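K.L.:
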Amino acid sequence: AITSWQPPSSGVIERSRIEQLPLNGRFLNSLVGLTIPGVEGQRTFGLREAAMEYVQDGAALVNRDTGGLQGRPPGLDTIQEFKVETNNSSAKVNRPATVIVSTKAGSNQLHGSLFETARNNGLGVARRRQDFYDKPPKLVRNEFGGSLGGPIFLPRLYSGRNKSFFFVS
């Protein structure tokens with residue numbers, strides 16, 4: 001029997017995998033483009049930018065002017081996992097591809113993280129240059145951030161243990 005190739009119907013990327021992937025920048029759309037076959041930047045199987053919709057915890061992340069991803073998507077530290085549907089999507093969505101993002105939440109334990117991403121001319125492997133510059137352009141890029149989550153606790157007023165939680169990034 002002759003079978004034809006079909007793109008995957010969905011792929012789930014968990015938190016541990018998100019932390020292991022090498023990214024150029026800390027953007028959700030670059031993470032999606034790196035992990036899902038057929039997705040390159042904002043294009044899905046060659047379709048234009050508006051062919052993909054991002055949904056975070058049930059709410060659409062859409063720029064109403066352009067139809068693409070909003071200008072300030074969720075940070076990578078806030079994402080617990082994401083799923084990309086590129087074939088046979090649910091009838092709830094109106095685009096050929098959908099990125100469904102689940103964010104982290106607080107818990108009874110106080111937890112958090114800090115990060116720094118540093119890129120500059122001193123890092124990396126030297127390669128033969130194909131241009132005519134006397135020296136390479138200067139590159140200094142540092143990104144800092146963090147996240148913190150846990151129960152809401154106000155001394156002598158409220159204890160949110162097992163009830164109310166917070167998470168910030």
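When the letters of the sequence shown are read in order and numbered with this note's numbering, they come out as residues 1 to 169. Built from N, CA and C at the ideal position, the CB exists for glycine as well. These numbers were taken from a predicted model, which means no experiment stands behind them.
Answer with buried or exposed for Leu157, where buried requires no fewer than 16 other C-beta atoms within 10 angstroms of its C-beta.
P.N.:
Classification for Leu157: exposed.
K.L.:
Is DSSP giving Thr117 helix, strand or coil here?
P.N.:
In the structure shown, Thr117 sits in a strand (DSSP, three-state: E or B).
K.L.:
Where does Val12 fall in DSSP's three states?
P.N.:
Correct three-state label for Val12: strand.
K.L.:
Are there 16 or more other CB atoms within 10 angstroms of the CB of Ile152, so buried, or fewer, so exposed?
P.N.:
Flag for Ile152 reads exposed.
K.L.:
Taking just the CA atoms, how far does Ala97 sit from Gly146?
P.N.:
Rounded to whole angstroms, Gly146 to Ala97 spans 30 Å at the Cα level.
K.L.:
Determine the burial state of Thr86: buried for a count of at least 16 other Cβ atoms within 10 Å of its Cβ, exposed for fewer.
P.N.:
Flag for Thr86 reads buried.
K.L.:
Which residue comes first and which comes last in the beta strand (DSSP E) that contains Thr86?
P.N.:
Careful: Thr86 lies outside any beta strand (DSSP E) and carries neither H nor E.
K.L.:
Drop a sphere of 10 angstroms on the beta-carbon of Thr78, count the other beta-carbons inside from all chains shown, and report buried for 16 or more, exposed for fewer.
P.N.:
So Thr78 counts as buried.
K.L.:
Leu28 lies in the alpha helix (DSSP H); which residues open and close that run?
P.N.:
It spans 28 to 35 - the alpha helix (DSSP H) in which Leu28 sits, taken as one unbroken run.
K.L.:
Note down the Cα distance separating Glu14 from Leu76, rounded to an integer number of angstroms.
P.N.:
The straight-line gap from Cα to Cα measures roughly 12 Å.
K.L.:
Which partner residues does Glu53 have in the DSSP bridge list?
P.N.:
Its beta-bridge partners are Thr98.
K.L.:
Based on DSSP bridge pairs, tell me the residues matched to Pro151.
P.N.:
In the DSSP output, where bridge partners are listed per residue, Pro151 has Phe165.
K.L.:
Helix, strand or coil: how does DSSP classify Gln20 here?
P.N.:
It is helical.
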